[in-house]
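Enquirer: Handing you a structure now.
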Amino acid sequence: MTQRDFQSVPLSAAEVHVWPDGWGVAGKRTAFWTDDTTQTKTLTMLGQEVTVEAVPVSWRWDFGDGTVKWTHSPWRKPVSLERAGFYHVYSKAEHVKVTVTVKYEGRFRVGNGPWTDIEGTAEKTSPPRDVTIYRYEKYVVGEHCKQQNCLDENRANR
Numbered sequence: 001m002t003q004r005d006f007q008s009v010p011l012s013a014a015e016v017h018v019w020p021d022g023w024g025v026a027g028k029r030t031a032f033w034t035d036d037t038t039q040t041k042t043l044t045m046l047g048q049e050v051t052v053e054a055v056p057v058s059w060r061w062d063f064g065d066g067t068v069k070w071t072h073s074p075w076r077k078p079v080s081l082e083r084a085g086f087y088h089v090y091s092k093a094e095h096v097k098v099t100v101t102v103k104y105e106g107r108f109r110v111g112n113g114p115w116t117d118i119e120g121t122a123e124k125t126s127p128p129r130d131v132t133i134y135r136y137e138k139y140v141v142g143e144h145c146k147q148q149n150c151l152d153e154n155r156a157n158r
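For the sequence shown, position 114 matches number 114 in the UniProt record's numbering, and the numbering has no gaps at all.
Written as structure tokens, this is what we have:
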């Protein structure tokens, strides 16, 4: 099996996972991860049953804001954003489409024969994941409002 053959194997695309789910805050961490599943496909080539095994070896993340990062791990959902192993910090509020391209190394066998490594790699890009990045703002409350308990009154009147 050639590299060209390997690149034509119908591999399943990875799914981009994001936390918070589908959104983030400019200037704060937005965590990302995906799956690292080895894929096995059975094909017929020249009348022979061929089994192909594709092992993920690297992940190229395109965060939709012009930033691209390569990793050698798919990462996992973090316990908290502060402890996220892999994240991106967006600089402004915007709507982005995030993709991950997984690079695979492979091997194949014909029938029940021995496994043979495939020269070269294959890549598969995920469908884009829509992520909305919001702007976080703090408001300063004037001294008059602090003295008059405006905030507590406003809550009580709701």
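We put the beta carbon where it would ideally sit given N, CA and C, even for glycine.
Name the DSSP bridge partner or partners of residue 159?
Expert: Nothing about residue 159 can be read from this structure; the chain reaches only from 1 to 158.
Enquirer: Which stretch, first to last residue, makes up the alpha helix (DSSP H) that contains F6?
Expert: Looking at the DSSP string, the run of the alpha helix (DSSP H) that includes F6 is 3-7.
Enquirer: Since A122 and Y134 are thought to touch, with beta carbons under 8 Å apart, how far apart are those beta carbons, to the nearest angstrom?
Expert: That belief does not hold up - the Cβ atoms of A122 and Y134 are roughly 37 Å apart, past 8 Å.
Enquirer: Sort out for me which residues DSSP pairs L11 with in a bridge.
Expert: Answer is none; L11 lacks a bridge partner.
Enquirer: State the Cα-Cα distance for the pair D36 and A26, rounded to the nearest angstrom.
Expert: Roughly 28 Å between the two C-alpha positions.
Enquirer: Would a check of beta-carbon distances place T101 closer than 8 Å to chain C?
Expert: The structure shown has no chain C; it contains just one protein chain.
Enquirer: Tell me which residues share the same chain as Y90 and place their Cβ nearer than 7 Å to its Cβ, disregarding the 5 neighbours each side in the sequence.
Expert: Once the five neighbours on either side are set aside, the close Cβ partners of Y90 are G24, A26, T30, D65, I133.
Enquirer: Can you list, in chain order, the stretches of the alpha helix (DSSP H) that have 4 or more residues and sit fully within the stretch 27-77?
Expert: DSSP runs (the alpha helix (DSSP H)) wholly in the stretch 27-77: none.
Enquirer: What does G106 pair with, by DSSP beta-bridge criteria?
Expert: BP columns for G106 point to A54.
Enquirer: Which stretch, first to last residue, makes up the beta strand (DSSP E) that contains T125?
Expert: 122-125 is the extent of the beta strand (DSSP E) around T125.
Enquirer: Which residues mark the beginning and the end of the beta strand (DSSP E) in which V89 is found?
Expert: Unbroken beta strand (DSSP E) run through V89: 87-89.
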